[in-house]
Amino acid sequence: MFLLGYHCPKDYNYPDRVKIENGNIIYPILAAVPSLGGGWSLLFHRAKICGYVSDGDSPKIKVVSIFVQGDRSSEGLKEINICDEVVGGYVSRFGDYDFSGRPNPTRDWLDDV
Numbered sequence: 001m002f003l004l005g006y007h008c009p010k011d012y013n014y015p016d017r018v019k020i021e022n023g024n025i026i027y028p029i030l031a032a033v034p035s036l037g038g039g040w041s042l043l044f045h046r047a048k049i050c051g052y053v054s055d056g057d058s059p060k061i062k063v064v065s066i067f068v069q070g071d072r073s074s075e076g077l078k079e080i081n082i083c084d085e086v087v088g089g090y091v092s093r094f095g096d097y098d099f100s101g102r103p104n105p106t107r108d109w110l111d112d113v
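Rendered as structure tokens:
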């Protein structure tokens, strides 16, 4: 999971990106914000995060709190509960999130029918 700078390129493999260290926070984000299909990216929503940045050649961010644009037609951001208990509940049910292209396991399969 990566946080990208503000951009609108056709190629979503954006070079200026920072890896999110605690990637399993994607579970409560996907439960609260509709995902948009599209190649490598699952979410195209604006976000503001608070966290700790690690040092090194490839810095990572350990997110402590996150606000995500709930509806792309509005400017409002909503806080997503990413506390350890919430994220741990998802991980115990579904395992660590697989970012290799697996569908969202929290999604209702009837949506595909």
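Sequential numbering from 1 applies to the sequence shown in the UniProt record's numbering. Note that CB positions come from ideal geometry on N, CA and C, so glycine has one too.
Query	Result
What span of residues does the alpha helix (DSSP H) with R93 cover, start to end?	84-94
Does the pairing of the region 54-61 with the region 92-100 give three or more beta-carbon distances under 8 Å?	no
Check whether the region 80-96 and the region 15-30 are in contact - that is, three or more C-beta pairs closer than 8 Å.	yes
What does the alpha-carbon distance come out to for the pair Y52 and V64?	8 Å
Pull up the DSSP beta-bridge partners for E79, would you.	F67
By DSSP's criteria, A47 is part of a beta bridge. Which residues make up the other side?	V68
If you drop the 5 nearest sequence neighbours on each side, which residues of the same chain put their C-beta closer than 6 Å to that of G38?	With a pLDDT of 44 at G38, under the threshold of 50, the predicted position of this residue should be treated as unreliable, and no value is reported.
I think V68 touches I80, with their Cβ atoms under 8 Å apart; what is that distance to the nearest whole Å?	6 Å
If you drop the 5 nearest sequence neighbours on each side, which residues of the same chain put their C-beta closer than 6 Å to that of S54?	K60
Please list, in chain order, all residues of the same chain as S74 whose beta carbon is under 8 Å from its beta carbon, the five residues on each side excluded.	none
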